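Single-structure report; data block below.
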Amino acid sequence: MEVRDYELDSEGIVNNANYLHYLEHTRHSFCTANGLSFAEMQAKGLVPVLNKVEIEYKTPLRSGDRFVSKLWLERKGVRFIFHQDIFKSTGELSVTAVVSCVCLENGRLDRGDMLAEVFEDFLS
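This is the structure:
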């Protein structure tokens, strides 16, 4: 991905809230690439919702910077935990995050077995 000028704050670096967008885009792309888009989840009555986000800002991104967003996934009980990193094109770590989500099925907390089945090759 590439930083766009409108994502910057008054200091000329990416506004902290935009990193959350980058991380979310990565998770959505991961789900779609592995056969289950958010639209398909909702059509099946499954809604993943975030219950915790921890983010550490290491090195700021600036206008025009290119970056790569990566993740790995684990499951702890009903929670799916995405470990995410954003790297500048130089390889320098910009952000590290741990994002936890749970699944609601028809409005109720669910174990998330549907997601576990889709992600079984990635779960540690």
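Residues -13 to 110 (this note's numbering) are what the sequence shown spells out, left to right.
Virtual Cβ for every residue (Gly too), placed ideally from N, Cα, C.
Fair warning: this is a prediction, and the values are worked out from it, not measured in the lab.
As a beta-bridge residue in DSSP terms, Ala83 pairs with Ile41 and Gln70. Here the stretch 38 to 56 lies against the stretch 75 to 83, with 3 or more beta-carbon pairs under 8 angstroms apart. Beta-bridge partners of Ser55 (DSSP): Ile72. The DSSP-derived three-state label of Glu106 is coil. Non-local beta-carbon contacts of Ser75 in its own chain, meaning distances under 8 angstroms to residues more than five positions away in sequence, involve Asp51, Arg52, Phe53 and Val54 in chain order. With a beta-carbon spacing of about 6 angstroms, Leu59 and Phe68 fall inside the 8 angstroms limit used to define contacts. Glu103 is not a Cβ neighbour of Gly31, given a cutoff of 9 angstroms.
Counting C-beta atoms within 10 angstroms of its own C-beta, Leu79 has fewer than 16 neighbours from the protein chains shown and is therefore classed as exposed. For Leu36, DSSP records a beta bridge to Cys87. Phe66 and Met(-13) have their C-alpha atoms some 25 angstroms from each other. In the structure shown, the three-state DSSP call for Leu6 is helix.
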